[in-house]
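K.L.:
Residue numbers for the sequence shown, in the UniProt record's numbering: 1 to 429.
Glycine included, each C-beta is placed from N, C-alpha and C at the ideal position.
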Amino acid sequence: MSKTTNIEAAFQLAQEQYDSLGVDVEAALDRLRSVAISIHCWQGDDVAGFEGNVGNLGNGLAVTGNYPGRARTSGELQSDLELAYSLIPGRHRLNLHALYGEFNGPVGRDEMEIEHFQNWIDWSRSQGVSLDFNPSYFSHDKAADGFTLAHSDPSIRHFWIDHGIACRKIAAAMGAAQGNPCINNFWVPDGYKDTPANRKAPRERLAASLDAIFAEPLSPSHTLDAVESKLFGIGSESYVVGSHEFYMGYAISRNKVLCLDAGHFHPTEVISDKISSTLIFVPELLLHVSRGVHWDSDHVVTYSDELQAIMLEIVRGGYLDRVHIGLDFFDASINRVAAWAIGTRNALKALLAALLEPTATLQRLERDGDYTARLALMEEQKTMPIGAVWDYYCQSADVPIGAHWLEKVRQYEADVQSKRSPGMHAQQV
Ligand SMILES: C[C@H](O)[C@H](O)[C@@H](O)C(=O)CO
Ligand SMILES: [Mn+2]
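#1: Rank H140, I170, K169, C167 by C-alpha distance to the C-alpha of I156 and give the top, closest one.
#2: Identify, in the order they occur along the chain, each residue of the same chain with its Cβ nearer than 8 Å to the Cβ of M378, setting aside the five sequence neighbours on each side.
#3: Hey, would you say C167 sits closer than 8 Å to P135, going by beta carbons?
#4: Can you tell me whether V300 sits near ligand 1, meaning its C-beta is under 7 Å from at least one heavy atom of the ligand?
#5: Is any heavy atom in ligand 2 found nearer than 7 Å to the beta carbon of D132?
#6: With a CB to CB cut of under 7 Å and the five nearest residues on each side skipped, what residues in its chain are close to W123?
#7: Hey, residue 456 and V293: beta-carbon distance below 8 Å or not?
#8: Nearest-angstrom Cα distance between L312 and G369?
#9: According to DSSP, what are the bridge partners of S139?
#10: Straight-line CA distance for S238 to D145?
#11: Measuring alpha carbon to alpha carbon, tell me which residue in Q127, L83, R33, D415 is nearest S396.
#12: Tell me which residues share the same chain as D211 and place their Cβ nearer than 8 Å to its Cβ, disregarding the 5 neighbours each side in the sequence.
#13: Comparing the CB of K230 with every heavy atom of ligand 1, is any distance shorter than 7 Å?
#14: Tell me whether the segment 278–298 and the segment 255–266 touch, counting them as touching only if at least three CB pairs, one residue from each stretch, are closer than 8 Å.
#15: DSSP on H222, reduced to helix/strand/coil?
#16: Please decide whether Q127 counts as near chain D, where near means a Cβ-Cβ distance under 8 Å.
#17: From the DSSP output, in three-state form, read off R420 for me.
#18: For ligand 2, which residues have a Cβ under 5 Å from at least one heavy atom, in chain order?
#19: Exposed or buried, which one is A426 when buried takes at least 16 other CB atoms within 10 Å?
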């Protein structure tokens, strides 16, 4: 039997097994096909961007590792992304940070315009990829003391407010160009290393700065504002202005998208349990699917219990249209294209597993108080043949099956990435 026939035969057997549980595999695959994951550009170059300050990543963000082949220009990043997308089934989005604009000479963050992203818009159109966006409140002289929108100096605060306003206009133009909303996510690092004497004032300033940024109504069909909380960062261990409670309250009161980053909570706290709570009160969620190891370490997403729990919660709650699934990890110790492929394929595989769950049956058992059968069925589900369905999905999407994608990355690394010199930044290439 040929490999293709094997995959089809295994899929048919798997389909029969799911069928016996009342699960429609074709419907699950159709739903999976419609989900676009927002793949973060910053895994490709260690969050360096193209402003020319490579190695100055600041404000608590840390990338470790020195694997060769970091992308140094937008052309290199686009080429790496094209390979990554070709290894991942489905049609996905690209999440860009403002510091990835293309600037001919110095451009202040408060002066950024859509023209600095025209090349990204053109490229994304050519790839059939839609864009999401983020203002960049880090790795900058005016963020050197750890404060931006909550700064006590009004001139610094206003500089960053202007950056936020500029980024909203850029995001809206991207959304108008692509015909669907560009999610524009605001994360600021503001916080104190040591115990503050005044927790109130910075939070009042952050709320006022955000209100100033969001003052102009923009069409929700062009852009949606999201806000991202954090528990602590390196250098803001004792106090983060934009805590979970702060942004939960902000998003509810201002009708904003709430961003939950899996690495931004206490180590035993999970975002999977926050989805059904928060969505009662906010219109939509953005997820930064990440993997913290002891802290917000931004490890590549693996097929973990929490990843599966996140996807199950989205599917069980019927939230696929209200939850934007984005990724947020940056690992420089392995091939960066492989990192994208591993993390995104895992996210999709976990989503497929969730779509293949006999949720209606489980929820009926729960309603009936039959917790024995609920647990038994949930456990049996774990060894159902999802691998056969996933392989079939990859084959039908014309992307590599199993670990064969790794051969393409190895070839690309030998032909392209290994020839890049490490220390250079965009202007030097
Ligand atoms: C680069 C991203 O904006 C950043 O990772 C942010 O989303 C975050 O999670 C900071 O810890
Ligand atoms: Mn994040």
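P.N.:
Let's see:
#1: Working through the sequence shown from its first residue, we reach residue 156 at position 156. The shortest Cα separation from I156 among H140, I170, K169, C167 belongs to H140.
#2: Mapped onto the sequence shown, residue 378 falls at position 378. The answer, listed in chain order, is L362.
#3: The residue given as residue 167 occupies position 167 in the sequence shown. The residue given as residue 135 occupies position 135 in the sequence shown. Yes, the Cβ-Cβ distance between C167 and P135 is below 8 Å.
#4: Taking the sequence shown and counting its residues from 1, one reaches residue 300 at position 300. Because no heavy atom of ligand 1 lies under 7 Å away, the Cβ of V300 does not count as near it: no.
#5: Taking the first residue of the sequence shown as position 1, residue 132 is located at position 132. No; taking the cut-off as 7 Å, the Cβ of D132 has no heavy atom of ligand 2 nearer than that.
#6: Stepping through the sequence shown from its first residue, residue 123 is reached at position 123. Correct list, in chain order: Q78.
#7: This structure cannot speak to residue 456, because the chain is shown only from 1 to 429.
#8: In the sequence shown, the residue the question calls residue 312 occupies position 312. In the sequence shown, the residue the question calls residue 369 occupies position 369. Using only the alpha carbons, I get a separation of about 21 Å.
#9: In the sequence shown, counting from the first residue as 1, residue 139 sits at position 139. According to DSSP, S139 bridges with nothing at all.
#10: Here residue 238 refers to the residue found at position 238 of the sequence shown. Here residue 145 refers to the residue found at position 145 of the sequence shown. The alpha-carbon atoms of S238 and D145 are separated by roughly 15 Å.
#11: Taking the sequence shown and counting its residues from 1, one reaches residue 396 at position 396. Comparing Cα positions, the closest option is R33.
#12: Taking the first residue of the sequence shown as 1, we reach residue 211 at position 211. Excluding sequence neighbours, D211 sits near R254.
#13: Against the sequence shown, residue 230 aligns to sequence position 230. Checking every heavy atom of ligand 1 against the Cβ of K230, one is found closer than 7 Å.
#14: yes
#15: Taking the sequence shown and counting its residues from 1, one reaches residue 222 at position 222. Three-state result, H222: coil.
#16: Here chain D cannot be found, since the structure has a single protein chain.
#17: The count along the sequence shown starts at 1 and reaches residue 420 at position 420. Of the three classes helix, strand and coil, the one that applies to R420 here is coil, per DSSP.
#18: D261, H288, D328
#19: Numbered from its first residue, the sequence shown carries residue 426 at position 426. Residue placement at A426 is flagged as unreliable, the pLDDT there being 44, under the threshold of 50; a coordinate-derived value is accordingly withheld.
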